[in-house]
Amino acid sequence: MPMRKNGSPHSLRLRLFVRKALDFFFPRYCPVCEAMLAETEIGVCSHCVVKMPRYIEGIQYGLDRLNGDIYIDALHALFIFKDDGGVRPMIHALKYRGHAEVGEMLGRMAGRRYPMLSREYDLIVPVPLHPRKQRERGYNQALLIARGLSHVTGIPVCEALIRSTYTESQTGQGYVERKTTMTGRFALHSAAHPAGVRILLVDDVLTTGATVQAAAEPLAAASAAKIGVLVAAVTRRPSLRTLLSVAAE
Ligand SMILES: [Zn+2]
1 MPMRKNGSPH SLRLRLFVRK ALDFFFPRYC PVCEAMLAET EIGVCSHCVV
51 KMPRYIEGIQ YGLDRLNGDI YIDALHALFI FKDDGGVRPM IHALKYRGHA
101 EVGEMLGRMA GRRYPMLSRE YDLIVPVPLH PRKQRERGYN QALLIARGLS
151 HVTGIPVCEA LIRSTYTESQ TGQGYVERKT TMTGRFALHS AAHPAGVRIL
201 LVDDVLTTGA TVQAAAEPLA AASAAKIGVL VAAVTRRPSL RTLLSVAAE
């Protein structure tokens, strides 16, 4: 029997039917507003998503935080992470409340928002968590976003980086201090060969840019052709409160 393509209308209808049936017995709720999700919604409800402040490429800043010793070609983001609004509870649901499906949703959303990425990059590399942190959480949220993005753009995901040292919470550290502690925290996986490859680094939130800078280091050292960054949200200005809540990872 011929295999049906995963995204065919038939299989979509079937999936929606199955989800509707499951929702009847096990209703799913939006982690931001707690309204019941419709069968077509995954992660956060559409009412919450439309209210979130969008990151407008080329208008809002963020790229300036990334360009230190290593040249970062571009920054792509979905939302502005503000103290008010739904972005903060959405990211918290993803990182601290076990809502792994929010990662997949954000990745797919980014893929639809930036369709040109498939022409501009060869490989998606998620920023890794330290294995201990990943065991505690059960997943790496950056990898979930990367997979959702890959699903839409068709760009393969490669876990090319490993986190070499356990980073204690960076809460309360200044930018320079944080940058210093991050340097050398990432290494290239022995099987990864990024020379000449256009790489899109994926993380959840861009705060000071120190983590992404550190993650880009071994890729640049191994002669990656280009390094771009995609995050779900960019902080408006790394306020102390924001640093306290997101820098702990
Ligand atoms: Zn909602």
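Residue numbers (the UniProt record's numbering): 1 to 249. We put the CB at the ideal spot given by N, CA and C, even for glycine.
Cα-Cα separation, residue i to residue j
i      : j      : result
Asp69  : Cys158 : 24 Å
Lys51  : Val32  : 11 Å
Phe26  : Leu106 : 23 Å
Leu230 : Leu161 : 16 Å
Asp192 : Ala21  : In the sequence as displayed, the identity of residue 192 is Ala instead of Asp. Roughly 43 Å between the two C-alpha positions.
Leu94  : Leu144 : 10 Å
Val87  : Gln141 : 15 Å
His151 : Arg13  : 18 Å
Ala146 : Ala216 : 16 Å
Cys30  : Ser46  : 9 Å
Leu37  : Ala220 : 42 Å
Ala214 : Val18  : 43 Å
Lys5   : Arg113 : Confidence in Lys5 is poor, its pLDDT being 45 and thus under 50, which makes the residue's placement unreliable; the coordinate value appears in the next sentence. In a straight line, the C-alpha of Lys5 is about 23 Å away from that of Arg113.
Tyr139 : Ala35  : 25 Å
Glu136 : Arg163 : 15 Å
Arg185 : Ala77  : 24 Å
Pro156 : Ile72  : 20 Å
His189 : Leu129 : 14 Å
Val234 : Ser118 : 22 Å
Thr167 : Ile42  : Bear in mind that a pLDDT of 49 at Thr167, under 50, signals an unreliable position, so the model cannot answer this.
Glu104 : Gly111 : 11 Å
Arg132 : Lys82  : 29 Å
Thr211 : Val205 : 10 Å
Val44  : Leu75  : 24 Å
Gly209 : His92  : 19 Å
Residue burial classification, residue i (beta-carbon count within 10 angstroms, cutoff 16)
i           : result
Asp203      : buried
Tyr121      : buried
Pro218      : buried
Met3        : Confidence in Met3 is poor, its pLDDT being 43 and thus under 50, which makes the residue's placement unreliable; the coordinate value appears in the next sentence. It counts as exposed.
His10       : exposed
Pro194      : buried
residue 267 : Absent from the model: residue 267. The displayed extent of the chain is 1 to 249, so no value can be given.
Tyr55       : buried
Leu149      : buried
Leu16       : exposed
Phe24       : exposed
Ala232      : buried
Thr180      : With a pLDDT of 48 at Thr180, under the threshold of 50, the predicted position of this residue should be treated as unreliable, and no value is reported.
Met109      : buried
Thr40       : exposed
Met90       : buried
Residues that DSSP places opposite residue i in a beta bridge
i      : result
Leu230 : His76, Val202
Ile162 : Ala187
Arg54  : Phe79
Thr235 : Phe81
Pro126 : Val202
Met116 : BP columns for Met116 are empty, so no partner.
Met36  : Tyr29
Val157 : Ile124
Beta carbon proximity, residue i to chain C, threshold 8 Å
i     : result
Pro89 : Given the protein chain composition of this structure (a single chain), no chain C is represented.
Q. Quick one: any contact between the segment 41-51 and the segment 60-67, if contact means 3 or more CB pairs under 8 Å?
A. No, the segment 41-51 does not touch the segment 60-67.
Q.
Using a strict less-than 6 Å threshold between each residue's beta carbon and the heavy atoms of ligand 1, what residues do you get?
A. Qualifying residues come out as Cys30, Val32, Cys33, Ala35, Val44, Cys45, His47, Cys48.
Q.
Within 8 Å, do at least three Cβ pairs link the segment 209-229 to the segment 92-101?
A. No, the segment 92-101 does not touch the segment 209-229.
Q | Stretch-stretch touch, CB-based, cutoff 8 Å, three pairs: the segment 120-127 with the segment 185-199 | A | Short answer: they touch.
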